[in-house]
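Residue numbering for the sequence shown follows this note's numbering, beginning at 40 and increasing consecutively.
Ideal placement from N, C-alpha and C gives every residue a C-beta, glycine not left out.
What you are looking at is a predicted structure, and each value in this text was computed from that prediction instead of being measured.
Here's the structure we're looking at; comments come further down.
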Amino acid sequence: MALITSADSFDPNLGVPFGAFARRRIVGAFADEMRASDWATRSARKRIKETMSVQETLSGILGRTPTVAETASALGVERSVVEAALADAARTLSPLDDVVVDTVAADTVSPEHSVLADERLKYLRAAVEALPEKMRYVVEEIYFAGRSVKELAEELGSTHAAVSQQRAEGIRLMRDGLSAHYADDPEQVFEPQSRITARRRHDYLSTLATATLGGITRGFSSHDPALNRAV
Numbered sequence: 040m041a042l043i044t045s046a047d048s049f050d051p052n053l054g055v056p057f058g059a060f061a062r063r064r065i066v067g068a069f070a071d072e073m074r075a076s077d078w079a080t081r082s083a084r085k086r087i088k089e090t091m092s093v094q095e096t097l098s099g100i101l102g103r104t105p106t107v108a109e110t111a112s113a114l115g116v117e118r119s120v121v122e123a124a125l126a127d128a129a130r131t132l133s134p135l136d137d138v139v140v141d142t143v144a145a146d147t148v149s150p151e152h153s154v155l156a157d158e159r160l161k162y163l164r165a166a167v168e169a170l171p172e173k174m175r176y177v178v179e180e181i182y183f184a185g186r187s188v189k190e191l192a193e194e195l196g197s198t199h200a201a202v203s204q205q206r207a208e209g210i211r212l213m214r215d216g217l218s219a220h221y222a223d224d225p226e227q228v229f230e231p232q233s234r235i236t237a238r239r240r241h242d243y244l245s246t247l248a249t250a251t252l253g254g255i256t257r258g259f260s261s262h263d264p265a266l267n268r269a270v
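See the structure below:
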């Protein structure tokens, strides 16, 4: 069936050999079938997706893979929850997934991927800059300057819990920015992760959208139900 659909949808004007085009479609169809029958529940997949999303965000900010403790702090969960999600993610990655990744990597035009990756990095930097002043300072000092939460709490005359909350909320707010800016479906209802007021979140996302205007991805469009109720 995948071969038939490949033949129907193949466009020779794209400059891609039919063999490579069909191979990707067939392997993808097999991969979809395998995933449809795997063990992971919907809640497990949601937990995996959230964990991997935070890891990607932190990796862009830090320039390295975040530790389990850093990921757990950003998610506001225990280390054991992150460890379980990472273990589940490893279980869901079958050999066929590796084939799909390798095939796509081999057949995809790399300059486009490079441009998108570069834009995401620039977007993450802008996301930090757009954070509320105190929140931005906490995020920059912890993740860029390598300072501890305890040290910052003493400097700011605040509690350890309050600084940790600022850090976690900053990460959640940046995740909202990434979700709004890079959503697969522009019409998808926006489900914010941050816990600040809808108005403050909207102001942040608007500032971020203005700062990143001109990128190759779509701009921000608010679908925040909480904001609509507040207006």
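- Message: Going by C-alpha to C-alpha distance, which of Ala192, Glu122 and Ser233 sits closest to alanine 207?
- Response: Ser233
- Please name the residue in Glu193, Ala166, Ile210 and Leu217 whose C-alpha comes closest to that of aspartate 111. Reading off the sequence shown, one finds alanine at residue 111, where the question assumed aspartate. The option with the nearest alpha carbon to alanine 111 is Ile210.
- Message: Within a Cβ cutoff of 7 angstroms, which residues of the same chain sit near serine 14, ignoring the five residues on either side of it in sequence?
- Response: With the chain running from 40 to 270 in the structure shown, residue 14 is simply not present.
- Please go through the same chain and pick out, in chain order, the residues whose beta-carbon is closer than 7 angstroms to the beta-carbon of glycine 115, but skip the five residues on each side of it. Ala207
- Taking glutamine 204 as part of the alpha helix (DSSP H), name the residues at either end of that continuous run. 199-220
- Query: DSSP on valine 140, reduced to helix/strand/coil?
  - Reply: Residue placement at valine 140 is flagged as unreliable, the pLDDT there being 40, under the threshold of 50; the coordinate-derived value follows with that caveat. Three-state result, valine 140: helix.
- Taking the alpha carbon of valine 93 as the point to measure from, which residue in Tyr176, Leu125 and Val188 has its own alpha carbon closest? Leu125
- Query: Does DSSP put arginine 186 in a helix, in a strand, or in coil?
  - Reply: coil
- Query: Can you tell me whether DSSP reads glycine 100 as helix, strand or coil?
  - Reply: Rather than glycine, the amino acid found at residue 100 in this sequence is isoleucine. Isoleucine 100: helix per DSSP, three-state reduction.
- Figure out for me which residue from Lys189, Lys88, Ala108 and Asp242 has the closest Cα to the Cα of leucine 212. Asp242
- Item | Distance CB(valine 178)-CB(valine 167) smaller than 8 angstroms | yes
- Query: Using a Cβ-Cβ cut-off of 6 angstroms (strictly less than) and excluding sequence neighbours within five positions of isoleucine 87, which residues of its own chain qualify?
  - Reply: Ala124, Asp127 and Ala128
- Message: Starting from glutamate 109, trace the alpha helix (DSSP H) in both directions and tell me its first and last residue.
- Response: 107-114
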